[in-house]
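I have placed the structure first, in the form of structure tokens, so that the comments after it can refer back to it.
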Amino acid sequence: MKFNKMTDIPKNDFYTYIFLDPRKPGLYNYENYSFQFEPLYIGKGNGRRISRHFSNLNPKHDHNKLKSRKLKKILKNLSKEDFKKNYIIKIKENATEKEAFELETKLILLIGRIDLKTGPLANLTNGGDGPAGIIPWNKGKKCLQCGLKGEKSPNYKKRPWNYGKSPSASSIYKMRMAKLGKPSKKKGTKTNPISIAKMTKTRFERKCGWKKYLLTNPNGQEFIVYGQLKKFCKEHYLRYDSIFQLLNNDLQQGHHKGWTVKRYEI
């Protein structure tokens, strides 16, 4: 049966249903209601309302993440058809919407919710809050109609007083200065060459990290090398692999062509 408008829903076409958890068998008694498995979820609806629970079980897209996670775990070992056939019970059928809501609310309060620590149900509300049969209020309906027609709604805000006016030259200057910010006090001043040399050295040392070496030639002259050990060896006719072995204490004679090397620490 197909309906084009929410107001066309038959008055006695609602039902109240319950989902049971097949992983937890037992005898669960709640006043006049008895179940062979633990109750999982109570709902109310009409038509294909039950099937909509299985259309998207991704917790990211479902507002009731607790219910989606539980159903997803159950359906790993059970097909949807078996679950619908054996573990979903329509407690009351051919009821009015009001009767279905009342029974839903009664059962949720009777069995209890997980989030309130009063029972096993994955419901997030006490029931009776479904959207079926809602008729938009007159002003809201008029706004929707205007939007569909491409017209201005009654709630359309008036344009500001300065709409269409170009700002004055002083206003443009103020806005420009606000975006630029305050000029630096050092703007226009030249940096001392000594400071430039220090900054260059510091940047180079940071780039090289801990790779600093202290090399001593046979005459006792010391050289501090920042990172470029291979280049230094090439310039001074030294073998890089021998210097590297000497650095790691793998060379037996303890020197290479009279040169010694160690890591340099300030």
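So for the sequence shown, the numbering used here puts the first residue at 1; every next one is plus one. Even glycine gets a Cβ: it sits at the ideal position worked out from N, Cα and C.
Say whether the region 93-106 touches the region 67-80, bearing in mind that this needs 3 or more beta-carbon pairs closer than 8 Å, one atom from each stretch.
No: the two stretches stay apart, fewer than three of their Cβ pairs being nearer than 8 Å.
Could you say which of Y15, D62, H255 lies nearest to Q245 if we only look at CA atoms?
Within the sequence shown, residue 245 is the residue found at index 245, counting from 1. Closest option to Q245, Cα to Cα, is H255.
If contacts are defined as beta-carbon pairs under 8 Å, then Y237 and V225 qualify, I think. What distance do you get, rounded to the angstrom?
Taking the sequence shown and counting its residues from 1, one reaches residue 237 at position 237. Taking the sequence shown and counting its residues from 1, one reaches residue 225 at position 225. Contact flag wrong, Cβ pair sits at about 15 Å.
Nearest-angstrom Cα distance between F35 and L27?
Within the sequence shown, numbered from 1, the residue matching residue 35 stands at position 35. Within the sequence shown, numbered from 1, the residue matching residue 27 stands at position 27. Roughly 6 Å separates the two Cα atoms.
Given a threshold of 16 other Cβ atoms within 10 Å of its Cβ, counted over all protein chains shown, does N162 qualify as buried or as exposed?
Walking along the sequence shown from the start, residue 162 turns up at place 162. By the 10 Å Cβ count, N162 comes out exposed.
Might you give, ordered along the chain, the residues of its own chain that have their beta carbon closer than 8 Å to the beta carbon of I114, omitting 5 neighbours on each side?
The sequence position of residue 114 within the sequence shown is 114, counting from 1. Within the same chain, I114 has close Cβ partners L66, P120, L121, A122.
Among D13, K24, I89, which one has its Cα closest to the Cα of I42?
Numbered from its first residue, the sequence shown carries residue 42 at position 42. Ranking D13, K24, I89 by Cα distance to I42 puts I89 first.
Give the single residue among G258, T16, R176, K117 whose Cα lies nearest to the Cα of N219.
The residue you call residue 219 lines up with position 219 of the sequence shown. Of the listed residues, the one whose Cα sits closest to N219 is G258.
In the DSSP assignment, find the alpha helix (DSSP H) that holds N86 and state where it starts and stops.
Translated into positions along the sequence shown, residue 86 becomes position 86. 80-86 is the span of the alpha helix (DSSP H), which, as asked, contains N86.
Per DSSP, which residues does F37 bridge with? Please list them.
Reading the sequence shown from its first residue, position 37 is the one you call residue 37. In the DSSP output, where bridge partners are listed per residue, F37 has P25.
Do P22 and L78 have their C-beta atoms closer together than 8 Å?
Position 22 of the sequence shown, counted from the start, is the residue given in the question as residue 22. Position 78 of the sequence shown, counted from the start, is the residue given in the question as residue 78. Contact flag set, yes.
Measure the alpha-carbon distance for N217 versus K190 and round it to whole angstroms.
Here residue 217 refers to the residue found at position 217 when the sequence shown is read from its first residue. Here residue 190 refers to the residue found at position 190 when the sequence shown is read from its first residue. Near 40 Å, if we compare the C-alpha coordinates of K190 and N217.
Using three-state DSSP, classify A122 as helix, strand or coil.
As a position in the sequence shown, residue 122 is number 122, starting the count at 1. If DSSP states are grouped into helix, strand and coil, A122 belongs with coil.
Going along the chain, which residues of its own chain have a beta-carbon closer than 7 Å to the beta-carbon of N126, five neighbours each way excluded?
Taking the sequence shown and counting its residues from 1, one reaches residue 126 at position 126. So the list reads T105, I108, L109, once near-sequence residues are dropped.
Inspect the beta-carbon positions of Y15 and A100 and report whether they are closer than 8 Å.
Taking the first residue of the sequence shown as position 1, residue 15 is located at position 15. Taking the first residue of the sequence shown as position 1, residue 100 is located at position 100. Contact: yes.
Could you name the residues of the same chain whose beta carbon sits closer than 8 Å to that of I50, not counting the 5 residues immediately before and after it, in chain order?
Sequence index remark: in the sequence shown, residue 50 carries index 50 (1-based). Contacts found: Y17, G43, K84, I88.
My output table needs one value for K212: the three-state DSSP class, helix, strand or coil.
Reading the sequence shown from its first residue, position 212 is the one you call residue 212. K212: strand per DSSP, three-state reduction.
Based on Cα-Cα distance, which residue from L116, L20, K198, N192 lies nearest to P39?
Locating residue 39 in the sequence shown gives position 39, counting from the first residue. Here the closest residue by C-alpha is L20.
Note the first and the last residue of the continuous alpha helix (DSSP H) segment covering I111.
Position 111 of the sequence shown, counted from the start, is the residue given in the question as residue 111. Start and end: 97-111.
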